[in-house]
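Take a look at the structure below.
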Amino acid sequence: MAESGAFKMPSGWEAVIGLEVHAQLKTESKLFSSAPHSFGAGPNTQTTEVDVGLPGVLPVLNEKAVELAVRLALALGCKVHPVSVFARKHYFYPDLPKGYQISQYEEPYCTDGAVPIELDGEMRKIALTRIHMEEDAAKNIHDDAVTGGGVTHVDLNRAGAPLVEIVSTPSIHTPEEAGAYLRSLRQILRYLDVSDADLEKGQFRCDANVSVRRIGDTKLGTRTELKNLNSFRFVERAIASEIRRQVEVLEG
4 MAESGAFKMP
14 SGWEAVIGLE
24 VHAQLKTESK
34 LFSSAPHSFG
44 AGPNTQTTEV
54 DVGLPGVLPV
64 LNEKAVELAV
74 RLALALGCKV
84 HPVSVFARKH
94 YFYPDLPKGY
104 QISQYEEPYC
114 TDGAVPIELD
124 GEMRKIALTR
134 IHMEEDAAKN
144 IHDDAVTGGG
154 VTHVDLNRAG
164 APLVEIVSTP
174 SIHTPEEAGA
184 YLRSLRQILR
194 YLDVSDADLE
204 KGQFRCDANV
214 SVRRIGDTKL
224 GTRTELKNLN
234 SFRFVERAIA
244 SEIRRQVEVL
254 EG
């Protein structure tokens, strides 16, 4: 696969890209419990009854997480709302011990704002739709060496870790532009001391929504979501590959 720097948009087509970034907030405890969260601890050693949703437990919101989330919103020029609402996002998956994720949907804590980027010597801004707070899921570890037939372990240490999800508008049009956005956003998160944003530790993860349309069209095409990418280079290469794939399908 060619590197993203060599990518050329197929003639007559335009890509429309929106990015959803999950950044882990730099707190000592989780979003709704007193359990610590730090990378590299022994499996299932950083969890409480709240994190696994045992009967009778009551989540309590982490004040420091809110402070960091608002700090990011103010730095990006977002509108911070005086009232926001947490909701349950229900889905079944082994790394979600409660069977639902506590997130924000209809009423996030902030909306609008923008991320400044520099590309090819020019400055511009990528507009945001929203930033909302949510808890992280646990982690599945797939180990084929244990039995020879494949075994999956679940480490609950990450369950409940505080996240912000930063959602851009679909106003990015090239893989290089997406890479510049992600690099700028990580730099801002680190400068503000909101997140360490270490990609190798899963503290900064990206979902890319990609569609294509004929130049001149205003209607959005059918999008594909590329999930949980944690490398700037791989985000760029994945977007470039997906653009080529979609154009080939539509032209065929």
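Following this note's numbering, the numbering of the sequence shown begins with 4 at its first residue and continues without gaps.
Where a beta carbon is used, it is the ideal one built from N, C-alpha and C, also for glycine.
Per-residue burial, residue i [other beta carbons within 10 Å of its own, 16 or more giving buried]
i      : result
Thr95  : Note on residue identity: the sequence assigns Phe, not Thr, to residue 95. Exposed, because fewer than 16 other Cβ atoms sit within 10 Å of the Cβ of Phe95.
Glu239 : buried
Gln249 : buried
Asn160 : buried
Gly219 : exposed
Pro85  : exposed
Gly255 : exposed
Tyr194 : exposed
Ala243 : buried
Asp146 : exposed
Pro97  : exposed
Leu22  : buried
Asp54  : buried
Glu6   : Any answer about Glu6 is weak, because its pLDDT of 44 lies below 50 and its placement is not dependable; what the coordinates show is given next. Exposed, since its Cβ has fewer than 16 Cβ neighbours within 10 Å.
Ile144 : exposed
CB of residue i within 7 Å of CB of residue j, strictly
i      : j      : result
Leu131 : Ala140 : no
Asn65  : Pro165 : yes
Arg226 : Asn212 : yes
Val197 : Leu99  : no
Ser32  : Thr51  : no
Glu17  : Arg236 : no
Ala68  : Thr114 : no
Gln49  : Ala38  : yes
Ile120 : Ala183 : yes
Pro178 : Phe10  : yes
Top-ranked residue by Cα proximity to residue i, from the options
i      : options                        : result
Lys92  : Thr51, Leu195, Glu109, Leu223  : Glu109
Glu138 : Glu251, Leu34, Ala243, Thr30   : Leu34
Glu168 : Lys101, Val157, Ala200, Thr221 : Ala200
Pro13  : Glu228, Arg247, Leu71          : Arg247
Val19  : Leu253, Ala181, Leu195         : Ala181
Gly89  : Ser106, Leu77, Val73           : Note that residue 89 is Phe in the sequence shown here, rather than Gly. It is Ser106.
Gly102 : Gly163, Gly43, Asn233, Lys128  : Gly163
Gln104 : Gly56, Ile242, Pro46           : Gly56
Ser87  : Gly45, Glu228, Ile134, Ser41   : Ile134
Val170 : Lys11, Cys209, Glu245, Val83   : Cys209
Pro111 : Glu125, Leu122, Cys81          : Cys81
His25  : Thr155, Gly43, Asp158, Gln206  : Gln206
> Which runs of the beta strand (DSSP E) fall wholly inside the segment 75-105 and span at least 3 residues, in chain order?
Replying inline: 90-93
> Would you say the segment 47-61 touches the segment 172-179, given that touching needs at least three Cβ pairs under 8 Å?
Replying inline: no
> Along the chain, which unbroken stretches of the alpha helix (DSSP H) at least 4 residues long are found entirely within the segment 8-81?
Replying inline: 66-78
> Which parts of the segment 177-213 are runs of the alpha helix (DSSP H), unbroken and 4 residues or longer, counting only runs that do not cross its ends?
Replying inline: 178-194
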